[in-house]
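Under this note's numbering, the residue at position 116 of the sequence shown is numbered 168, and the numbers go up by one with no gaps.
One structure below.
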Amino acid sequence: MGLGMWFGRRDRRADAAPMSHRMRCDLCRKKSEPSVDFGQVQDWQLDHAARYPGHRQYTETLTRPWRTERSGTGLEIEVMTVQGDGWYRTGECTLCGRSGVAVSWIGSARAAARFAHLFGCGECVAALRERVARGPGSRVHGTG
Numbered sequence: 053m054g055l056g057m058w059f060g061r062r063d064r065r066a067d068a069a070p071m072s073h074r075m076r077c078d079l080c081r082k083k084s085e086p087s088v089d090f091g092q093v094q095d096w097q098l099d100h101a102a103r104y105p106g107h108r109q110y111t112e113t114l115t116r117p118w119r120t121e122r123s124g125t126g127l128e129i130e131v132m133t134v135q136g137d138g139w140y141r142t143g144e145c146t147l148c149g150r151s152g153v154a155v156s157w158i159g160s161a162r163a164a165a166r167f168a169h170l171f172g173c174g175e176c177v178a179a180l181r182e183r184v185a186r187g188p189g190s191r192v193h194g195t196g
């Protein structure tokens, strides 16, 4: 029985719903229709302001589809970053302390009422995967 981890990320599948925009007048609460074209909701905002001159405050709502999935066995870490390959450009490895290396988010920790994100370099993540694979298998809370 392998370990699995739940994670959430933007749904980038080909059949995923597209990201959409919507404007809401903060005074009267009227809303534009959702649209993938920001220009359409901005036109609605300007038309609404022209019809109701005192209505000047608006809130944009952005709808972006997300997906929750369970990773396979082992510590499969998948992080969407600016590089797109799961690794940050540079950072500090929480496990070995090296800085200025490519790191990836490997989880979060809470201790003594403090919370921190943990990052690992390639060598430490590989060693961690190996230790988990060699260790006794058991279910991890929240993974089924």
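The beta-carbon is built from N, C-alpha and C at its ideal position, and this holds for glycine as well.
Every value quoted in this text rests on a predicted model; they were computed, and no experiment measured them.
Asked	Found
Endpoints, the alpha helix (DSSP H) within which E182 is located	174–186
Beta-carbon gap between A154 and G174 smaller than 8 Å	yes
The region 144–163 / the region 86–101 touching (three or more Cβ pairs under 8 Å)	no
Beta-carbon separation (whole angstroms), R62 vs R116, contact threshold 8 Å	6 Å
Nonlocal neighbours in the same chain, by C-beta distance under 7 Å from Y110, ignoring five residues either side	M75, R76, C77, D78, Q97
Buried versus exposed call for W157 [16 or more other C-beta atoms within 10 Å across all chains shown]	buried
Per-residue burial, H169 [other beta carbons within 10 Å of its own, 16 or more giving buried]	exposed
Opposing strand residues paired with C77 [DSSP bridges]	Y110
Cα-Cα separation between L180 and F167, rounded to whole angstroms	21 Å
Among C80, P188, A66, the one whose alpha carbon lies nearest that of Y104	C80
Where V93 sits in the DSSP three-state scheme	helix
Inter-residue Cα distance where the pair is G136 and G106	Model confidence at G136 stands at a pLDDT of 44, short of 50, so the residue's coordinates are unreliable and nothing is read from them.
Assigned secondary structure, L147 (DSSP; H/G/I helix, E/B strand, else coil)	coil
Exposed unless 16 or more other CB atoms sit within 10 angstroms - verdict on V88	exposed
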